[in-house]
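Worksheet: the structure to be examined is printed underneath.
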């Protein structure tokens, strides 16, 4: 299928599909005319990428994790390395959440302070 059809079937823009390809998340072939063509599995791959992005993973992490996924939800074929990577990502996300909570508390304090206006 051409990139336009893949875009229609997944709801992901052609520009973003090209980005996924540049990041090593999606594969295409080039026809003689230079057009990208994708196989049917590309639809599932894009769904997996979107689900993993929605989980807060970076494209760099997804590139490592993607080969260990099964189905389009995705589910994982867990190995020790994958589990350790996902644990590190969760810990990093928890740290970012804690940092945001501290920043929010500081800002809320400023807004509640004297002379902050209504």
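In the UniProt record's numbering, the protein residues as written are 1 to 118.
Just so you know, even glycine gets a beta-carbon here, dropped at the ideal spot from N, CA and C.
Just so we're clear, the structure is a prediction, and the values are computed from it rather than from any experiment.
* To do: Give me the Cα-Cα distance between residue 5 and residue 35, rounded to the nearest whole angstrom.
  => 12 Å
* Asked: How is residue 70 classed by DSSP in three states: helix, strand or coil?
  -> Correct three-state label for residue 70: strand.
* Counting along the chain, where does the alpha helix (DSSP H) carrying residue 87 start and finish? -> 80–112
* To do: Could you say which of 107, 27, 49 lies nearest to residue 11 if we only look at CA atoms?
  => It is 49 whose Cα lies nearest to the Cα of residue 11.
* **Proximity below 8 Å, CB of residue 61 to CB of residue 89** => yes
* Asked: Are the beta-carbon atoms belonging to residue 51 and residue 67 less than 8 Å from one another?
  -> no
* Determine the direct distance from the alpha carbon of residue 46 to that of residue 95, and round the result to whole angstroms. => 28 Å
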